[in-house]
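S.K.: Chains P and L, in that order, give the protein sequences.
With my numbering applied, the first sequence covers 2 to 326.
With my numbering applied, the second sequence covers 170 to 676.
Glycine is no exception: its CB is placed at the ideal position from the N, C-alpha and C atoms.
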Amino acid sequence: MSKTFSFRLSSAFALTTAVALAALVVAPGAAHAQFPDRPVTLIVPWDAGGSTDQTARVLAKAAEKHLGQPIVVVNKPGAATVLGMTELAAAKPDGYTVGTLSSSSYLIPLAGRQVQYDVEKNFSYVSYYGDNLIGTVVPAAAPWKTLKDLIDDGKKNPGKIKFGTGGVGTTQHLTIEGLMVDTGAKFIHIPQKGSAGSVPALLGNHVDFLSETSVWAPFVEKGEMRLLAVTTPSRSPRFPDAPTMNELGFKTLRSVQGIIGPAGIPEAERSKLESAFRAALTDETFKQTMDRLAMVVVDMPGKEFDALIKDEIVRARSLLAQIKQ
Amino acid sequence: MFEALQSVAHGFSLAMLPENLMYALIGSLLGTLVGVLPGLGPVTTIAVLLPITYQVGSPLGALIMLAAIYYGAMYGGSTTSILLKVPGEAASVITCMDGYEMAKQGRAGPALAIAAIGSFVAGTLAVVGLTLVGPVFARYAVKFGPPEYFALAVFGLVLASTLSGGPPLRGLCMVFLGILLGLVGLDTMTGDARFSFGILELTNGIGIVPLMMGIFGLGEILYNLEQRGEASLVTKTIGRIMPTKQDWKDSVGPIGRGSVLGFLLGLLPGGGAILGSLLSYTVEKTLSKKPETFGKGNIAGVAGPESANNSAASAAFIPLLTLGIPGNAVTAVLLAALLIQNIEPGPLMLVQHADVFWGVIASMYVGNIMLLILNLPLVGLWVQLLRVPNWALTPIILVVAVLGAYSLRNAWFDVGVLAAGGVIGYLFRKAQIDAGPMIMAFILADLLDTSLRQGLLMGDGNPAIFFSRPMSAVILAISMVVLVVQIFAWRRNAAMLGLVDTQKEAS
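#1: Which residues of the segment 234-262 of chain P have a Cβ closer than 8 angstroms to any Cβ of chain L? Give them in chain order.
#2: In the DSSP assignment, find the beta strand (DSSP E) that holds D153 (chain P) and state where it starts and stops.
#3: By how many angstroms is the C-alpha of V262 (chain L) removed from the C-alpha of G131 (chain P)?
#4: Step through the CB atoms of chain L and report whether any lies within less than 9 angstroms of the CB of E178 (chain P).
#5: From the DSSP output, read off the bridge partner residues of H190 (chain P).
#6: If I measure Cβ to Cβ from T56 (chain P) and keep anything under 8 angstroms in the same chain, skipping five residues before and after, which residues do I get?
#7: On the DSSP bridge assignment, give the partners of Y126 (chain P) in chain order.
#8: Mind the definition here: the segment 367-382 of chain L touches the segment 578-591 of chain L only if three or more C-beta pairs lie below 8 angstroms; say whether that holds.
#9: Can you check whether the C-beta of Q407 (chain P) is within less than 9 angstroms of a C-beta belonging to chain L?
#10: Report yes if the C-beta distance between E453 (chain L) and G473 (chain L) is below 9 angstroms; otherwise report no.
#11: Using a Cβ-Cβ distance cut-off of 9 angstroms, determine whether M627 (chain L) contacts chain P.
#12: In whole angstroms, what is the alpha-carbon distance linking N478 (chain L) and S197 (chain L)?
#13: Could you list which residues in chain L have their beta carbon closer than 8 angstroms to that of T87 (chain P), in chain order?
#14: Using the C-alpha atoms, what's the distance from I487 (chain L) back to T201 (chain L)?
#15: Mind checking E389 (chain L): buried by the 16 CB within 10 Å criterion, or exposed?
#16: Work out the CA separation of G278 (chain L) and G549 (chain L) for me, nearest whole Å.
#17: For the segment 162-175 of chain P against the segment 94-101 of chain P, are there 3 or more C-beta pairs whose distance is under 8 angstroms?
#18: Identify the contact partners of L492 (chain L) in chain P, using a Cβ-Cβ distance below 8 angstroms as the criterion.
#19: I'd like to know if E513 (chain L) contacts chain P, where contact means its C-beta is closer than 9 angstroms to some C-beta of that chain.
#20: For L504 (chain L), tell me which candidate among L:A216, L:K273 and L:G427 has the shortest Cα-Cα distance.
#21: What is the DSSP secondary structure of R227 (chain P), reduced to helix, strand or coil?
#22: Which ranges does the alpha helix (DSSP H) cover as unbroken runs of at least 4 residues, wholly within the segment 568-646 of chain L, from first to last along the chain?
#23: Counting beta carbon pairs with one atom in the segment 39-55 of chain P and one in the segment 67-82 of chain P, are three or more of them shorter than 8 angstroms?
#24: Where A32 (chain P) and G245 (chain L) are concerned, what is the direct C-alpha to C-alpha distance, given to the nearest angstrom?
#25: Between which two residues does the beta strand (DSSP E) carrying G100 (chain P) extend?
#26: For the alpha helix (DSSP H) that contains T137 (chain P), what are its first and last residues?
#27: Flag this pair as yes or no: are the beta carbons of G136 (chain P) and L228 (chain P) separated by less than 9 angstroms?
#28: So which residues of chain P does P279 (chain L) contact, with C-beta pairs closer than 9 angstroms?
#29: Per the DSSP calculation, G362 (chain L) is bridged to which residue(s)?
#30: With H, G and I counted as helix, E and B as strand and the rest as coil, what does DSSP make of S212 (chain P)?
#31: Excluding the 5 residues preceding and the 5 following T233 (chain P) in the sequence, name in chain order all residues of the same chain whose CB lies nearer than 7 angstroms to its CB.
#32: Below 8 angstroms, is the gap between the Cβ of K312 (chain L) and the nearest heavy atom of the ligand GDP?
#33: How would you label Q415 (chain L), buried or exposed, when you count the other beta carbons within 10 angstroms and need 16 or more for buried?
#34: Listing by chain order, which chain P residues have their CB less than 7 angstroms from the CB of P495 (chain L)?
#35: May I ask which residues mark the beginning and end of the alpha helix (DSSP H) holding N373 (chain L)?
#36: Determine which residues share a DSSP beta bridge with V298 (chain P) and list them.
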């Protein structure tokens, strides 16, 4: 359009326009050489204030120093990350748009809901940053002292014991479904409205136990609730007495937190982002934030992160197939 | 009790420190501002300010400021509801109904003044309640489980279906429409998308704020456009600013009841300000000797809900601070703010961070006084807004509503909801249908559905659980009584109600 327009103008003006156009054509090439030359957007597919939002914000702040450009956090919440992930998958793969990945983003399509992205194909993996601590907790007055007690009771009285989680199809929920498949115990799931809804459900004895992210932490510390087991690959430094489910002989799904972008980010840009985000893992504020949420910092290159997710998908798919039987 | 007084005295000594007073003032100002601007609610504001709280010296200062934004927004939220029929934030949706009618009758001043004074009284009463019984109450509030929430939702719906003055069948239809719209989105129990027609954004449900801004604000604009030149969004007569003696008399009861109701609902982990204002409105209408004047500018319809949403906002601090349970989106962001300051709310809060706990509570007394002093003179200023000519005011409302809808979730979809709401609102207006019952049902739909099914799971599929637990049984029994009384009243007054309806048509 600007071409036809400039023909009608004086030649001097046309020349200026041509120069300006030429500059515009050259500009992307120049920018390519010195990525990033403008702020990077980080899409957080959760509400402001949640655990992903909190950790991602401090991580982004720390990564800015290594990247040399501001990282702008934009919340695109809705449908348990599906809305944000759809937008991220469709973003231009130039490295200027990245986002956070949570387990929900791949568990939801695996459970059969239609989404417009494919986790295995539509994303570039930048870097990992940690695992959510998911624990099985009971009220202090409950008779079960260990996870085994709970499972035995669940076998003896199938369907009598009820448990709460933040929602259907979450890692919290699938953890217990996996236990049931492995042991033959039978528990009844009563989904709550998000992790925040789980705590009053247990305190008010509306459910018998919880499988939940660390919302229970202060209650366990005060002795009002008992932590029977955690799902992280290793024991939590904050709750060293609680065994991991792996130790007890159960394979569990991980609750991942990492940085991803749309598929096709050129390797030069991707690795620049990876080094900035991985360098940020040593930031004091970030480490404190993770610690406070009882999350475990995990440093992992993008390639391993990619492999881990593919592995998790295989495991979740087989678990879901067993549950449906 | 003596211990509580001692603690609160200590809290005052902290809250009265010059820097903390300054934070309370900044928070109150900001809160009033974002409350007035539709869409830009306290959630967005606090989330945006979160990173700044790192720089605020003390955790107490940061929390005082953020808390003041929250309850400040509850004061400000009523302003645009009353003047423009555009709710400033979700809890002020109910205020649109009678507040705007009052403004049309040239009584915007008294409506705004009563909203501010009611908010002050309720806010202060709630803080007194927090000081005395809050920490103890919170432990009992968790006993309120799914069966009780279900009973509460049923009670709300019974009141809602009898809310409109028109034929009961019409009210009932609107209630069902509201439930249908409210159930759009993911099913909490199964994770399946309901009524989403494959539209991704709909799996997230329909947002209440864009929908209400559309039905009320946009609907009103569209309806007025039809009236051509002469039409005006509101009457240009401003009338007196302060409430009359009669206004005071009519408002005392609603403010008192609204404060108590809001406080109790605010204490419940799943309660909150919207539910508080909703129930207060229906209770006032049920108790009123002239229920037919509700929706036509009854000051009780402003005084009650505005008091309730304020005391609920204050009471919500108890489950937040002592249990770490955020009852709504705003307290969820406040929870994040606390965590950033390395304060973990929960059972240990009163032990580990008593200073912060009592400091914040004390600052709320101070903040409420600041807000009253700030808001009363503003009433005179706000009503001047009505002098702005229509050709300027209409586009301004449109722009503000669109910006507000977009900024909620950074999504264009919500602007679409706003537009669709506008069309619905216009059609309702044309057909003289009262949107009230639909809105109540829309708000209650999710609570009704989730708590019913959670309750059934708890009772192994046997609905007896709803009648065997004392609290839910009592609430359900009251609902039944109200329903039966309403049916009889309607049958007896059918002729009179018909009269009311023709009057409505004539107006």
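M.R.: Judging by the given coordinates:
#1: Hits within the stretch: zero.
#2: Here D153 (chain P) belongs to no beta strand (DSSP E); instead the alpha helix (DSSP H) covers L148 to K157.
#3: Going by the C-alpha atoms only, they are around 41 angstroms apart.
#4: No, its Cβ sits nowhere closer than 9 angstroms to a Cβ of chain L.
#5: As a beta-bridge residue in DSSP terms, H190 (chain P) pairs with P:F164.
#6: Answer for T56 (chain P): Y130, G131, Q258, F287, T290, M291, L294 and M296, listed in chain order.
#7: According to DSSP, which records beta bridges pairwise, Y126 (chain P) is partnered with P:I261.
#8: The way I'd put it, the segment 367-382 of chain L does touch the segment 578-591 of chain L; three or more beta-carbon pairs between them come closer than 8 angstroms.
#9: In the structure displayed, chain P extends from 2 to 326; residue 407 (chain P) sits before or after that span and is not available.
#10: Cβ atoms of E453 (chain L) and G473 (chain L): closer than 9 angstroms.
#11: Yes, contact with chain P.
#12: Cα to Cα, the separation comes out at about 16 angstroms.
#13: The contacting residues are L369.
#14: T201 (chain L) and I487 (chain L) have their alpha carbons spaced roughly 23 angstroms apart.
#15: Classification for E389 (chain L): buried.
#16: Each residue's Cα considered, the two are about 7 angstroms apart.
#17: They do not touch, by the three-pair rule.
#18: Chain P residues near L492 (chain L): V200, P201 and L204.
#19: Chain P, which has a Cβ nearer than 9 angstroms to the Cβ of E513 (chain L), makes this yes.
#20: Closest in C-alpha terms to L504 (chain L), from the list L:A216, L:K273 and L:G427, comes L:A216.
#21: R227 (chain P) carries a strand assignment under DSSP once its states are collapsed to helix, strand and coil.
#22: Whole alpha helix (DSSP H) segments, 4+ residues: 581-599, 605-627 and 634-637.
#23: Here the segment 67-82 of chain P lies against the segment 39-55 of chain P, with 3 or more beta-carbon pairs under 8 angstroms apart.
#24: Annotation note: pLDDT 45 at A32 (chain P) (below 50); position unreliable, no value reported.
#25: Residues T98 to S103.
#26: Secondary structure note for T137 (chain P): it is in no alpha helix (DSSP H), and the uninterrupted beta strand (DSSP E) holding it is I135 to P140.
#27: Going by C-beta atoms, G136 (chain P) is nearer than 9 angstroms to L228 (chain P).
#28: Ordered by position in chain P, no residue passes the 9 angstroms Cβ test against P279 (chain L), which lies about 37 angstroms from the chain.
#29: Per the sequence presented here, residue 362 (chain L) reads as Ala, with Gly not at that position. Per DSSP, L:L355.
#30: If DSSP states are grouped into helix, strand and coil, S212 (chain P) belongs with the strands.
#31: Contacts found: D132, L134, T245 and V297.
#32: Ligands in the displayed structure: none, and consequently the ligand GDP is not present.
#33: Counting the other CB atoms within 10 Å of its CB gives Q415 (chain L) a total below 16, which places it among the exposed residues.
#34: For a Cβ distance threshold of 7 angstroms, residue set A197 of chain P lies close to P495 (chain L), ordered along the chain.
#35: From DSSP, N373 (chain L) is part of no alpha helix (DSSP H); its letter is neither H nor E.
#36: Answer is P:G131, bridged to V298 (chain P).
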